[in-house]
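Per our numbering: the sequence shown ends with 227, consecutive numbering throughout. Contents: one structure, followed by commentary.
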Amino acid sequence: MTYLNQIFGIIKKDITTELRAKEAVTAMLVFGLMVIVIFNFAFNLSSQEQITITPGLLWVAFIFAGILGLNHSFSAEHENNCLQGMMLTPMPRSAIYIGKLATSSIFMFISEIFMLFFFIWLFDVRFTGKWPHLFLVMFLGTIGYCIVGTLFSAIAVGTRVRVFLLPILQFPIVIPVIIASVEATAVLLEEDAAIGYFDWLKILLSFNIIFFTVCVLLFDYILEE
């Protein structure tokens, strides 16, 4: 098997498992929609306040829903020592990490699409003509969030308090991703979306490249521990 085939094999396994169980995406989607509904009743925003506040509310829903998916990422492999079986297969450990990163990002992005349109319907925000830019921010922000989250999910899965340990480890590291994603989304709600948008995009790209390299290098040692 080639390296890419090994990665695609892990992705296919996780997607097949999710299609049967419907655990990760359903949990993220229900939790995210509940958060959005609560925000809708808690805030009565003017048109100017929408530009300032709604991007943060949207990404709060994304982030907290994503924690549920990342907690589920390695939980199935941890049961019955399935992770040990994956480690015994003749594949680089980095292929396991990249496969898990891809599936976590796919599940989270699918949930975000549904949450986004529900959010737009409730809060009446407009991204007319800026959808490609918005989806690019969501894609890069989700990837950056899952790059770190997948690594820490592998660390936390063997502990009794993994539900609490993962956000404690992850949130301080992904602060640049959260800030850049919120600010880039806020820029898209303004009339001139070009000002500042690409600066925040560069931060997201830089974070993703740096931490992806670091996490790939560290993952082998984490699995050994």
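All residues carry an ideal CB built from backbone N, CA and C; glycine is no exception.
Closest Cα partner of residue i within the set the options
| i | options | result |
| --- | --- | --- |
| L31 | Y5, T54 and G68 | G68 |
| K102 | L59, D126, I38 and N73 | N73 |
| M36 | T19, P134, R128 and F64 | F64 |
| I71 | E20, W61, L60 and I53 | Reading off the sequence, residue 71 comes out as Gly, not Ile. Ranking E20, W61, L60 and I53 by Cα distance to G71 puts E20 first. |
| Y99 | D201, Q8, I212 and Y199 | Q8 |
| I40 | L203, V62, T28 and V27 | V62 |
| I224 | A156, L60 and L136 | A156 |
| L191 | I212, K132 and I112 | K132 |
| T105 | F137, L60, S75 and I53 | S75 |
| F129 | F43, T187, Y199 and F109 | T187 |
| F116 | V139, T152 and L60 | L60 |
| F125 | I38, Q86, L206 and G198 | I38 |
| I180 | V165, N42, I170 and I205 | I205 |
Neighbour-count burial assignment, residue i, 16 or more Cβ in a 10 Å radius
| i | result |
| --- | --- |
| A23 | exposed |
| Y147 | buried |
| S208 | exposed |
| F221 | buried |
| W202 | buried |
| T144 | buried |
| I149 | buried |
| T18 | exposed |
| F200 | exposed |
| E226 | exposed |
| L6 | exposed |
| F232 | Residue 232 is absent from the structure shown; the chain starts at 3 and stops at 227. |
| E51 | exposed |
| I108 | buried |
Range of the contiguous alpha helix (DSSP H) that encloses residue i
| i | result |
| --- | --- |
| L190 | I177 to L191 |
| E25 | It is not in any alpha helix (DSSP H) - E25 carries neither H nor E in the DSSP assignment. |
| D222 | Y199 to E226 |
| V127 | Element bounds for V127: n/a, residue is neither H nor E. |
| T152 | W133 to A158 |
Exercise. Contact between the stretch 174-184 and the stretch 215-223: three or more CB pairs below 8 Å?
Worked result: With the rule of 3 Cβ pairs closer than 8 Å, the stretch 174-184 does not count as touching the stretch 215-223.
Problem set entry | Sufficient close CB pairs (3 or more, under 8 Å) joining the stretch 89-102 to the stretch 33-47 | Because the criterion of three Cβ pairs below 8 Å is not met, the stretch 89-102 and the stretch 33-47 do not touch.
Exercise. Using 8 Å as the threshold, is the stretch 159-168 in touch with the stretch 114-122, meaning 3 or more CB pairs across them?
Worked result: Output reads no: the stretch 114-122 does not touch the stretch 159-168.
For this session: Could I get the ranges of all uninterrupted alpha helix (DSSP H) runs contained in the stretch 42-97, with 4 residues as the minimum, in chain order?
Result: You should have 49-75, 77-80 and 84-90.
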